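Residue numbers (this note's numbering): 845 to 1322.
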């Protein structure tokens, strides 16, 4: 088996036994990237020189007996997570030359573990999109079918894992941006509970929704990665100070005696029949493994999508106000009589179409006379959604649902109709609105051979339960 075919766990075992070196593993992955990424376009830039130095340090740590689970493991970092000394552009012209003077919390965690960062991954600009077609640099293709999108906004991260260009990747999830591309590319994606992983150093899209998480080949790999990045950060006021434990500790204990919920709202109008069938078959598999399955209702689900786009766009318009061309980032050239003209030109030229659309939506929702009608109302809907989820989790351990109503669609198919694209987030956004953990994993293929994703949703800080359930299904399904 090639090095690039190994899971994180398998590669870690070989590195610790010194059957292969971290430098060899990194070189093997760079060779794979060189052979495949011209077609896939998962990376926006490679960090080869720095990666090989990290690999050398990893080999020293292993030789000294001070290695961690991720020591020497090659990975990719989404391009909206700050890396000191390496460009973090958010796949935008606005930040195309921005080199952060600091590392994000998760970057430091990766460095502490002596993991090896191969490069920065392509994404939808400022994490706004579901296809990775909104990057200022290039479109990323789905390795399962290069005529299709890989999903987004963490499309580069998911595509790289699916193509074997990296052992795992870190992404960010504001409304499904880890889980949806994981489903489209047939890999595992985990959106942790809000506050489990620090957002310090993540370029903000919507601060009350954003969360960093792993994309990997297996559920166990996702658990190993979460062990490395979960934890309290005093520099992030939303980081939760609690004991997280070992997410792999009881991963193999099965689901016998657990109760799972099937919300009828997730299986109504709009879902493709093949996806409904695949997820229902997965539910039957859980039943055969000893879990109890029950249909439930989440009435507020119908309001989740409009509430999400009001909240996320409002927070985006506020967060992106800092990009004005004065302090850092892209700056419009020319002679401007008024400062307003300078701002307008900088932001018009620096931001892409989708980012401008969401800034305008958010600015409208927050404007005088409309704040109560839109933003305040969306926050009230958020409370309804949280209450509905809490009611389900009073009697159930986790929820089974689809990740998206369709499998991966063709590149360019939905760019003309952004509203249709937004509707694809209908099953993922409620998780972010409620701050809950969500696990995306493959549960079959459609008639064209494209992966179908299943989503497991848990109550706050129940990642161990989701990983345990996901691991059980993964091993049952083979």
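Just so it is clear, CB atoms sit at the ideal spot from N, CA and C, and this is done for glycine as well. Small disclaimer: the values here were computed from a predicted structure and weren't measured.
Under the three-state DSSP convention, the category residue 1097 falls into: Per DSSP, reduced to three states, the secondary structure at residue 1097 is coil, with no helix or strand assignment.
Limits of the beta strand (DSSP E) - the one that residue 1017 falls within: Unbroken beta strand (DSSP E) run through residue 1017: 1012-1017.
Cross-strand partners of residue 992 (DSSP beta bridge): 1254.
Cβ-Cβ distance between residue 1099 and residue 1147 below 8 Å: In this structure, residue 1147 does not lie closer than 8 Å to residue 1099 by Cβ.
Inter-residue Cα distance where the pair is residue 808 and residue 1177: In the structure as shown, the chain begins at 845 and stops at 1322. Residue 808 is therefore absent and cannot be evaluated.
Chain-order list of residues whose beta-carbon lies under 7 Å from that of residue 1019 (same chain, five-residue window excluded): In the same chain as residue 1019, and ignoring 5 residues on each side of it, the C-beta atoms closer than 7 Å to its own belong to 1053, 1152, 1156, 1269, 1272, 1273 and 1276, in chain order.
Identified DSSP bridge partners for residue 930: Paired residue(s): 927.
Unbroken beta strand (DSSP E) run spanning residue 961, endpoints: Counting along the chain, residue 961 sits inside the beta strand (DSSP E) bounded by residues 960-965.
Three-state class that DSSP yields for residue 1089 in the structure shown: Three-state result, residue 1089: coil.
Option in 1101, 853 and 986 with minimal Cα separation from residue 1135: Out of 1101, 853 and 986, the CA that lies nearest to the CA of residue 1135 is found in 1101.
For residue 1129 and residue 810, the rounded distance between their alpha carbons: The shown model of the chain, from 845 to 1322, leaves out residue 810, and the question about it has no answer.
Opening and closing residue of the alpha helix (DSSP H) in which residue 1323 lies: Past the boundaries of the shown model lies residue 1323; the chain is included only from 845 to 1322, so the question cannot be answered.
Whole-Å CB distance - residue 852 paired with residue 1012, under 8 Å assumed: Contact check for residue 852 and residue 1012: beta-carbon distance about 6 Å, within the 8 Å limit, so the pair qualifies.
Residue burial classification, residue 1132 (beta-carbon count within 10 angstroms, cutoff 16): Classification for residue 1132: exposed.
Closest Cα partner of residue 1077 within the set 1014, 951, 1026 and 893: Nearest to residue 1077 by alpha-carbon distance, out of 1014, 951, 1026 and 893, is 951.
Close beta carbons around residue 1090, own chain, < 8 Å, minus the five adjacent residues each side: Listed in chain order, the non-local C-beta contacts of residue 1090 below 8 Å within the same chain comprise 1071, local neighbours out to five positions each way being set aside.
Beta-carbon spacing of residue 922, residue 967 below 8 Å: Against a cut-off of 8 Å, the Cβ pair of residue 967 and residue 922 comes out as a contact.
Any 3 or more C-beta pairs closer than 8 Å across the segment 1305-1316 and the segment 1252-1267: Taking 8 Å as the limit for Cβ pairs, the verdict is that the segment 1252-1267 does not touch the segment 1305-1316.
Backbone CA spacing between residue 1180 and residue 1191 [nearest angstrom]: When the Cα atoms are used, residue 1180 and residue 1191 turn out to be separated by approximately 14 Å.
Contacting residues, own chain, Cβ-Cβ under 8 Å from residue 989 (five flanking each side not counted): Its chain contains 1252, 1292, 1293 and 1294 as the residues whose beta carbon lies nearer than 8 Å to that of residue 989, once the 5 sequence neighbours on both sides are disregarded; these appear in chain order.
Cut-off 6 Å between Cβ atoms - residues of its own chain near residue 865, not counting five sequence neighbours on either side: Result list for residue 865: 903, in chain order.
Backbone secondary structure at residue 1284 - three-state DSSP: Residue 1284: strand per DSSP, three-state reduction.
Distance CB(residue 1144)-CB(residue 1223) smaller than 8 Å: Inclusion of residue 1144 and residue 1223 in the CB contact set at 8 Å is not warranted, their separation being larger than that value.
Distance between residue 1059 and residue 1008 (C-alpha atoms, nearest Å): Taking the straight line joining both Cα atoms gives about 12 Å.
Spatially closest choice to residue 855 from 880, 907 and 915, by CA coordinates: It is 915 whose Cα lies nearest to the Cα of residue 855.
Three-state secondary structure (DSSP) of residue 1140: It is a strand residue.
Alpha carbon of residue 857 to alpha carbon of residue 863, nearest angstrom: Put simply, the backbone Cα of residue 857 is about 9 Å away from that of residue 863.
Nearest to residue 1045 (by Cα), restricted to the options 919, 926 and 1082: Distance from the Cα of residue 1045 is smallest, within the candidate group 919, 926 and 1082, for 926.
DSSP beta-bridge partners of residue 1103: Answer is 1136, bridged to residue 1103.
Where the alpha helix (DSSP H) containing residue 858 begins and where it ends: Its alpha helix (DSSP H) spans residues 852-860.
Residue 1097 versus residue 991 - alpha carbon distance: Roughly 40 Å between the two C-alpha positions.
Residue 1038, DSSP secondary structure in three states: Residue 1038: coil per DSSP, three-state reduction.
Beta strand (DSSP E) segment containing residue 1359, residue limits: Residue 1359 lies beyond the residue range present for the chain, which begins at 845 and ends at 1322; the question has no answer from this structure.
Assumed close pair residue 1116, residue 1250 - CB separation to whole angstroms, cut-off 8 Å: Contact flag correct, Cβ pair sits at about 5 Å.
Nearest residue (CA-CA) to residue 1141, options 1162, 1112 and 891: Checked all of 1162, 1112 and 891; the closest Cα to residue 1141 is 1112.
Segments of 4+ residues assigned as alpha helix (DSSP H) that fall wholly inside the segment 1232-1279: Listed in chain order, the alpha helix (DSSP H) runs fully inside the segment 1232-1279 are 1262-1267 and 1273-1278, counting runs of at least 4 residues.
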